[in-house]
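Residue numbers for the sequence shown follow my numbering, beginning at 152 and rising by one. Idealized CB from N, CA, C, for every residue including glycine.
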Amino acid sequence: MDKEKRQKKIIEILSLKTKPISGTVLAKKFNVTRQVIVKDIAILKAQGILIRSNSRGYYINKSNKLIKSIAVKHSNELIEKELYTIVKCGGKILDVTIEHPVYGEITGIIDVETIEEINDFISKLKTSKPLSSINDGVHLHKIEVDNEKQFNCILNNLKELNILLN
C-alpha cells in the first residue's frame, strides 16, 4: 500500500474509533514500523487533520462538547484531588499549560476522564515531575464538559479546595 492510501486509511480508522489507537497497532495493521506511522500522523496533522494524541494512542476528536480553561495553583500533593474533582463533576482534563520563563507556554497532553485514567496518570507522575512544579504550582487546564452546569460544578469544587485562581 502506498503512503497516500495508508494515510487515507489511517484517517478512516481514527474517524470510526471512539478510543485512541496506538501507533504500534496501526503499524501492525499496515505492516510498517511505528516510526512510519508517527511520520504519517505528522503529515496528516500538517495537512489540517485534527488528530490528537495521548499516552494511549491517536484519535480524532469528534466531540461537540464545550472546552473551557481554568487557572489553578496547588502543591503536587493536590494533583490527584484536583483531577478527581474535575472528573467527578463530569469533566475531561485535556491538557496542562504552564508559563516557562525561557520557552513561554509549554503544554502537556493529559486527556483523562475516568478514575482509572487518573490513577494511571498519577502512577506515571511518581517517576517524573509535573509541569506545574516549574511554576510554583500555577498552571492552566483545558477541560471538556457537556454543559455549563458541569463546568460550574468544577469551579465551585475547586474553589472549595482553595486552588482555583480568580
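Where residue i sits in the DSSP three-state scheme
i              : result
valine 289     : strand
isoleucine 314 : coil
isoleucine 192 : helix
threonine 248  : strand
arginine 203   : strand
lysine 243     : strand
valine 183     : coil
Boundaries of the beta strand (DSSP E) in which residue i is found, first to last residue
i              : result
glutamate 256  : 255-263
lysine 224     : 217-224
isoleucine 211 : 208-211
C-beta contact flag for residue i and residue j at 8 Å
i              : j              : result
isoleucine 192 : tyrosine 209   : yes
threonine 265  : threonine 258  : no
leucine 234    : valine 263     : yes
proline 281    : asparagine 317 : no
isoleucine 200 : isoleucine 260 : no
histidine 292  : serine 220     : yes
glutamate 250  : asparagine 286 : yes
Range of the contiguous alpha helix (DSSP H) that encloses residue i
i              : result
isoleucine 269 : 266-276
isoleucine 162 : 154-167
Nearest-angstrom Cβ-Cβ length linking residue i and residue j, presumed shorter than 8 Å
i              : j                 : result
glutamate 295  : lysine 216        : 5 Å
isoleucine 273 : glutamate 231     : 5 Å
leucine 306    : valine 223        : Contact flag wrong, Cβ pair sits at about 10 Å.
isoleucine 211 : serine 173        : About 15 Å; that fails the 8 Å criterion.
arginine 203   : phenylalanine 181 : Not confirmed; about 20 Å, so no contact.
leucine 229    : leucine 315       : That pair is no contact at about 12 Å.
threonine 184  : alanine 178       : 6 Å
proline 252    : asparagine 205    : About 27 Å; that fails the 8 Å criterion.
cysteine 240   : glutamine 301     : 5 Å
leucine 245    : isoleucine 218    : 7 Å
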